[in-house]
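Q: Each residue of the sequence shown is one higher than the one before, counting from 314 in the numbering used here.
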Amino acid sequence: MHAFRPNGHELTCDGVGLAGIAASVGTPTYVYSAATLRERIETLHAGFGDYPHALHYALKANSNLAVVRVIRAAGGLVDANSGGEIEVALRAGYAPSDIVFTGVGKTPAEIDRAVTLGVKAINAESAGELERIAAAAGVHGRVASVALRVNPGIASESHPHISTGMDSHKFGVPIATARTVVREASARPELDFVGLHVHIGSQMLGLEPLRRAAAAVVALAQELRDDGVRVTHLDLGGGLGIPYEDETVPPAAAYAAALVDVVKPSGLTLIVEPGRAVVGPAGALLASVVDVKPRAGGTRFVVLDAGMSELLRPALYGAFHRIEAVAERNGTPVTCDVVGPICESSDVFGVGRSLPAPRVGAVVAILDAGAYGAAMASNYNRHALPAEVMVDAGAWRVVRRRQTLDEQLVCEE
Ligand SMILES: Cc1ncc(COP(=O)(O)O)c(C=O)c1O
Numbered sequence: 314m315h316a317f318r319p320n321g322h323e324l325t326c327d328g329v330g331l332a333g334i335a336a337s338v339g340t341p342t343y344v345y346s347a348a349t350l351r352e353r354i355e356t357l358h359a360g361f362g363d364y365p366h367a368l369h370y371a372l373k374a375n376s377n378l379a380v381v382r383v384i385r386a387a388g389g390l391v392d393a394n395s396g397g398e399i400e401v402a403l404r405a406g407y408a409p410s411d412i413v414f415t416g417v418g419k420t421p422a423e424i425d426r427a428v429t430l431g432v433k434a435i436n437a438e439s440a441g442e443l444e445r446i447a448a449a450a451g452v453h454g455r456v457a458s459v460a461l462r463v464n465p466g467i468a469s470e471s472h473p474h475i476s477t478g479m480d481s482h483k484f485g486v487p488i489a490t491a492r493t494v495v496r497e498a499s500a501r502p503e504l505d506f507v508g509l510h511v512h513i514g515s516q517m518l519g520l521e522p523l524r525r526a527a528a529a530v531v532a533l534a535q536e537l538r539d540d541g542v543r544v545t546h547l548d549l550g551g552g553l554g555i556p557y558e559d560e561t562v563p564p565a566a567a568y569a570a571a572l573v574d575v576v577k578p579s580g581l582t583l584i585v586e587p588g589r590a591v592v593g594p595a596g597a598l599l600a601s602v603v604d605v606k607p608r609a610g611g612t613r614f615v616v617l618d619a620g621m622s623e624l625l626r627p628a629l630y631g632a633f634h635r636i637e638a639v640a641e642r643n644g645t646p647v648t649c650d651v652v653g654p655i656c657e658s659s660d661v662f663g664v665g666r667s668l669p670a671p672r673v674g675a676v677v678a679i680l681d682a683g684a685y686g687a688a689m690a691s692n693y694n695r696h697a698l699p700a701e702v703m704v705d706a707g708a709w710r711v712v713r714r715r716q717t718l719d720e721q722l723v724c725e726e
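1) Less than 8 Å separating the beta-carbons of residue 554 and residue 589?
2) Using CA coordinates, which residue listed in 582, 698, 583, 687 is at the minimum distance from residue 626?
3) Which parts of the stretch 434-503 are runs of the alpha helix (DSSP H), unbroken and 4 residues or longer, counting only runs that do not cross its ends?
4) Near ligand 1, which residues have their beta-carbon less than 5 Å from any of its heavy atoms, given in chain order?
5) What distance in whole Å lies between the Cβ atoms of residue 645 and residue 670, which are believed to be in contact at a cut-off of 8 Å?
6) Between residue 524 and residue 471, what straight-line distance do the alpha-carbon atoms span, to the nearest angstrom?
7) Would residue 348 pass as a contact of residue 387 if the rule is Cβ separation under 8 Å?
8) Is residue 448 near ligand 3, in the sense that its beta carbon is under 7 Å from a heavy atom of that ligand?
9) Looking at the unbroken alpha helix (DSSP H) that takes in residue 728, where does it start and where does it end?
10) Nearest-angstrom Cα distance between residue 409 and residue 427?
11) Can you give me the start and stop residues for the alpha helix (DSSP H) that residue 361 sits inside?
12) Using 8 Å as the threshold, is the C-beta distance between residue 399 and residue 465 below it?
13) Measuring only the C-alpha atoms, how far is residue 380 from residue 506?
14) Whose C-beta lies closer than 7 Å to the C-beta of residue 709 among residues of the same chain, with five residues either side of it excluded?
15) Among 654, 650, 675, 680, which residue has its Cα nearest to the Cα of residue 666?
16) Could you compute how far the alpha carbon of residue 515 sits from the alpha carbon of residue 551?
17) Distance, Cα to Cα, residue 346 vs residue 460?
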């Protein structure tokens with residue numbers, strides 16, 4: 314299902330005209346499709362069938378409260394990557410037992426909060442962190458549920474900046490040392506050792522690395538069982554990619570089937586933490602053209618009012634996003650470089666793109682921007698954090714109003 318489709322001469326989100334939203338709210342504005350969010354959660358659930366599983370949506374991809382509430386209503390639980398994301402989850406209506414807490418650098422305050430809340434599992438990153446969790450649990454008279462994040466030394470075959478499963482990456486403990494780390498941690502009365510965690514990368518287009526990572530933790534769980542440590546779940550992280558351009562991506566059903574296939578002989582509950590695959594295709598960034606000027610080579614620069622401060626992925630990873638005109642879609646296509654207004658040469662959304670003769674004031678939609686879009690937005694160049702809109706059942710509403718300059722400055726006065 315594609316949320317962002319043309320209807321006559323206008324691009325729409327689930328049939329709701331995007332030009333009207335841009336005219337009313339202004340730009341830059343993120344627009345989300347509630348129907349797509351629901352459909353992505355339901356399709357993933359269906360893929361795992363009746364095998365014991367839980368979907369813990371990775372809040373880092375997009376933690377707008379309205380987005381999270383739609384995901385909750387659709388049956389998604391959450392993976393929080395910071396104390397802030399834990400609070401968002403609670404505010405969205407989740408219970409502590411719905412939350413797994415991941416994060417490579419958990420602060421003492423974050424550990425305290427997770428321990429006293431009693432989250433479903435704290436995914437520990439090191440032997441030292443397990444120590445600190447045990448100490449915090451001791452202070453509060455609690456038993457903390459913990460899992461250990463292991464680093465299996467498996468390449469995700471995705472962009473180097475979003476690969477996390479090799480020994481040069483900072484995440485987790487090397488799998489070769491995990492058995493010893495778990496044996497020691499599980500002897501602590503303040504810790505309940507519930508699982509193993511692995512996440513080898515994001516925007517993955519092949520299933521083989523995911524299968525290998527799953528097999529590695531299944532084997533480790535068996536070794537732990539031999540040591541008398543009974544884990545109850547395997548958390549295989551996120552990572553399923555989406556087609557930004559013309560990539561072939563495994564369907565959710567094939568992804569789920571591949572993981573179930575590997576985990577089933579262990580009988581352990583399977584947890585996944587999808588982020589991008591849930592929210593990426595559900596969002597678009599609307600931006601207005603503020604200038605059109607000639608470029609060497611006979612093409613043109615189309616300058617938008619949104620840049621890397623609103624959508625960082627192209628500047629950060631060289632990521633590709635489709636860009637489409639919202640209205641006036643039938644004009645003669647011309648070649649252009651679509652760029653942002655930020656004073657950085659990397660502030661480019663697309664080179665050599667074809668758009669129907671863009672004019673100043675026209676609105677474009679940057680597609681598949683629901684994941685790692687608004688969540689990574691910043692105030693660089695004193696841009697306001699953008700507005701966000703949810704389209705649901707033929708209507709739309711603002712789910713985050715545009716930030717004002719006073720709101721930026723209030724912390725500085
Ligand atoms: C631990 C962990 N889980 C889940 C995710 C979500 O990944 P994705 O958005 O690729 O599904 C990430 C993202 O990097 C992560 O670091």
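Where a beta carbon is used, it is the ideal one built from N, C-alpha and C, also for glycine.
A: So, from the data block:
1) yes
2) 687
3) 440-453, 488-499
4) 371, 374, 415, 512, 515, 550, 551, 552, 586, 587, 588, 589
5) 6 Å
6) 15 Å
7) no
8) No copy of ligand 3 appears in this structure; the ligands present are ligand 1.
9) An answer regarding residue 728 cannot be provided, because it is not within the stretch 314 to 726 covered by the chain.
10) 8 Å
11) 347-361
12) no
13) 32 Å
14) 329, 334, 702, 703
15) 650
16) 7 Å
17) 34 Å
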